[in-house]
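The structure appears right after this line, and notes come after that.
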Amino acid sequence: PILPDFMVFLNYKELPWFWYGFDHFWFAGLMVLAVPGLLAFVFGWFAFRSRVTGVYLSIITQAMTYALLLAFFRNDMGFGGNNGLTDFKDILGFNVQADATRSALFAASAVMLALAVFVTWAIVGSKYGKLLMAVRDAESRTRFLGWRAENVKLFAFTVSAVMAGIAGALYVPQVGIINPGEFEPANSIEVVVWAAVGGRGTIVGPIIGALLVNAGKSWFTGVLPEFWLFALGGLFVAVTLLLPKGIIGMWDSWRGNARALRAASIAEEAGSDPDVPTPAKIVRSEASKPGNWSASNPEPQPAE
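Taking the numbering used here, the leading residue of the sequence shown gets 2, the next gets one more, and so forth.
Shown next as structure tokens:
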């Protein structure tokens, strides 16, 4: 195989064994899914089985990321060292600098984003999604009911890593370079800020947050580039204190309040009180024997 330009620059005489196969598009595409998925699975298996959660999980994930940063900075790793992978010329025979190719890559990014949103929506709406929310809200109770919470979290962790791998594969041809600097903790913090600004616990919120934060980053780094990290930290603190539910949460609250005011206004014009939901009537009856259940005393169903 022909050596890439960055290997020629580093005086490589032959292609390292772990690069074999990447000159085929199908193999490279398969590795885009397999490598991050396998890495996340192995890391998550040890972390979740050890019941590492919360801030401790964040610390060890950042530690692993920083270890990879230091490793990939080494020239003998075979990934370009400090310069990284650069000077990409074509993909599937098409010039990556051509307008048509760049438009196709942008369209592919939009399609994959829509597909990721659909997959996430399908997962959240499934029985597994309910189980995932149960683990989020009450992990100990979920374990008490017999579910393996570590397996639930491991699946979500692995799927998110595969999505990140696809995003990276679409990002590099459009930017034209990838170096170990992408492992810096600041990038991880940016992703957290996206979710915080858009709305945590939502599907569309992080997308809105990513668009707004990156638009602000483009402007801010052009005016005061050395202060961008300070602005990012300040934004995160401000959103946490003033907008804890993010933009989507604020919109939902505003819409709920507007609906309540509209209902109250209509009820006032009609001369009646607005409909207020009342708790269901509790019917107290004598203790029933097993198997002798009435409509007012329904038989409990097994948990799903």
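Each residue gets a CB set at the ideal place from its N, CA and C atoms; glycine is no exception.
Worksheet item: Taking alanine 108 as the reference, which of Asn258, Val9, Thr241, Gln175 has the closest Cα?
Response: One-based indexing of the sequence shown puts residue 108 at position 107. Of the candidates Asn258, Val9, Thr241, Gln175, the one whose C-alpha sits nearest the C-alpha of alanine 108 is Gln175.
Worksheet item: If you count every other CB in all the chains shown that lies within 10 Å of the CB of glycine 101, and 16 or more means buried, which is it?
Response: The residue you call residue 101 lines up with position 100 of the sequence shown. Looking at the sequence provided, one finds alanine at residue 101 rather than glycine. Flag for alanine 101 reads exposed.
Discussion item. For asparagine 96, list the residues DSSP reports as bridge partners.
Written reply: Working through the sequence shown from its first residue, we reach residue 96 at position 95. Note: asparagine 96 sits in a beta bridge opposite Asp91.
Worksheet item: For glycine 38, which residues from the same chain have a beta carbon less than 6 Å from its beta carbon, with the 5 sequence-adjacent residues on both sides left out?
Response: Taking the first residue of the sequence shown as 1, we reach residue 38 at position 37. Thr159, Ala162, Val163, listed in sequence order.
Worksheet item: Roughly how many whole angstroms lie between the Cα atoms of leucine 86 and leucine 236?
Response: Along the sequence shown, read from residue 1 onward, the residue named residue 86 stands at position 85. Along the sequence shown, read from residue 1 onward, the residue named residue 236 stands at position 235. Going by the C-alpha atoms only, they are around 32 Å apart.
Worksheet item: Taking Cβ positions, are alanine 211 and tryptophan 229 nearer each other than 8 Å?
Response: Residue numbering aside, residue 211 sits at position 210 when the sequence shown is read from its first letter. Residue numbering aside, residue 229 sits at position 228 when the sequence shown is read from its first letter. Cβ distance not < 8 Å, so alanine 211 and tryptophan 229 don't count as in contact.
Item to complete: Return the residue from the list Val36, Asp88, Pro181 that minimises the CA-CA distance to phenylalanine 10.
Response: Translated into the one-based positions of the sequence shown, residue 10 becomes position 9. When only C-alpha atoms are compared, the closest one is Asp88.
Worksheet item: Using the beta-carbon count (16 or more within 10 Å), is alanine 41 buried or exposed?
Response: By 1-based counting over the sequence shown, the position of residue 41 is 40. By the 10 Å Cβ count, alanine 41 comes out buried.
Discussion item. Threshold first: 4 residues or longer. Then list the alpha helix (DSSP H) segments lying entirely within the region 188–246, N to C.
Written reply: Runs of the alpha helix (DSSP H) inside the region 188–246: 206–224, 229–243.
Item to complete: Using beta-carbon positions only, say whether valine 125 and valine 153 come within less than 8 Å of one another.
Response: Mapped onto the sequence shown, residue 125 falls at position 124. Mapped onto the sequence shown, residue 153 falls at position 152. No, the pair does not count as a contact, with Cβ atoms beyond the cut-off.
Discussion item. Between which two residues does the alpha helix (DSSP H) holding threonine 159 run?
Written reply: Your numbering for residue 159 matches position 158 in the sequence shown. Per DSSP, the continuous alpha helix (DSSP H) segment holding threonine 159 begins and ends at 150–176.
Worksheet item: Quick check: the region 196–206 against the region 241–260, are there 3 or more CB pairs under 8 Å?
Response: At 8 Å Cβ cutoff, the stretches touch.
Worksheet item: From the DSSP output, which residues share a beta bridge with leucine 86?
Response: Counting from one through the sequence shown, the residue named residue 86 turns up at place 85. Residue pairing by DSSP puts leucine 86 in a beta bridge opposite Ile179.
Worksheet item: From glycine 30 to phenylalanine 19, what distance separates their C-alpha atoms?
Response: As a position in the sequence shown, residue 30 is number 29, starting the count at 1. As a position in the sequence shown, residue 19 is number 18, starting the count at 1. Going by the C-alpha atoms only, they are around 15 Å apart.
Practice prompt. Quick one: using the 10 Å Cβ neighbour count with 16 as the cut-off for buried, is alanine 139 buried or exposed?
Written response: Mapped onto the sequence shown, residue 139 falls at position 138. Burial call: exposed.
Discussion item. So, under 8 Å CB-CB, valine 118 and isoleucine 204 are touching, yes? Tell me the CB distance rounded to an integer number of Å.
Written reply: To locate residue 118, count along the sequence shown from 1; it is residue 117. To locate residue 204, count along the sequence shown from 1; it is residue 203. That belief holds up - the Cβ atoms of valine 118 and isoleucine 204 are roughly 6 Å apart, short of 8 Å.
Practice prompt. Note down the Cα distance separating asparagine 188 from leucine 58, rounded to an integer number of angstroms.
Written response: Locating residue 188 in the sequence shown gives position 187, counting from the first residue. Locating residue 58 in the sequence shown gives position 57, counting from the first residue. Distance from the CA of asparagine 188 to the CA of leucine 58, rounded to the nearest whole angstrom, comes to 17 Å.
Worksheet entry | Three-way DSSP call (helix, strand, coil) for proline 37 in this model | Counting from 1 along the sequence shown, the entry for residue 37 is found at position 36. DSSP places proline 37 in helix when its eight states are reduced to three.
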